[in-house]
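Note sheet for the following structure.
In the numbering used here, the protein residues as written are 60 to 219.
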C-alpha cells in the first residue's frame, strides 16, 4: 500500500502517502484522482506523508540552501529521494494537464509534514510554491487537523 484516498469528507479529499511511489503506483494515483475530479464542483485536498523514513535526517542534511536540490537530480541516481527515475517528470506532466481544473474549482491544497523544523522553516515559501504548483490556494501544516480545518473553512456552503 503506497497511498490511500479518504473520500469520507467529499468534496474534501485526504491523500495519505505511506511510502515513495513507484512509476506504476503514480499512474494509478493519477487515474484515481482524475476519477475523483471528473465530477463538477468545488473541492479541497489535504496530503499527508506518513513515511517510515520521515526525514529524520533533516537537521543533518539541511544546510540552508533551498536552491541546491536541482530537479534534474530526480533523473539520475545521485539524489536523496527514494523514488524511481521518471516519477518527478510524470508528476510534472500530469500537473500541467490538470492545473486548469485546480485553478477553476480547488478551494485549497494543504500539505502536512510531521517534521516541525521543516514546517517552521519552509511554511512561508511552501505556501507560495504549493499555490503556484496547483494554481489554487496552498498551505503547509504540521498536522492533519489544522490542514483539514483550513481547507474546510475555505469550502463554500453546500446548497441543499
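Quick reminder that beta carbons are idealized off the backbone N, C-alpha and C, glycines included.
Would a C-beta distance cut-off of 8 Å place residue 103 and residue 210 closer than the cut-off? yes
May I ask whether a heavy atom of the ligand SAH can be found less than 7 Å away from the beta carbon of residue 100? Of ligands this structure carries none, so the ligand SAH is not represented either.
Give the DSSP-derived three-state secondary structure of residue 172 in the structure shown. coil
Would you mind reading off the limits of the beta strand (DSSP E) that contains residue 65? 62-68
Tell me where the beta strand (DSSP E) around residue 74 begins and ends. 71-76
Quick check on the DSSP output: the alpha helix (DSSP H) that includes residue 156 runs from which residue to which? 146-164
7 Å Cβ shell around residue 145 - same chain, five flanking residues per side excluded: 82
Distance, Cα to Cα, residue 63 vs residue 167? 19 Å
Would you tell me roughly how many angstroms separate the C-alpha atoms of residue 200 and residue 174, rounded to the nearest one? 10 Å
Roughly how many whole angstroms lie between the Cα atoms of residue 87 and residue 93? 10 Å
Using the C-alpha atoms, what's the distance from residue 170 back to residue 73? 10 Å
Name the one or two DSSP bridge partners that residue 200 has. 171
Please name the residue in 191, 182 and 186 whose C-alpha comes closest to that of residue 155. 191
In angstroms with no decimal places, state the Cα-to-Cα distance between residue 77 and residue 143. 16 Å
Give the DSSP bridge partners of residue 100, in chain order. None; residue 100 has no bridge partner.
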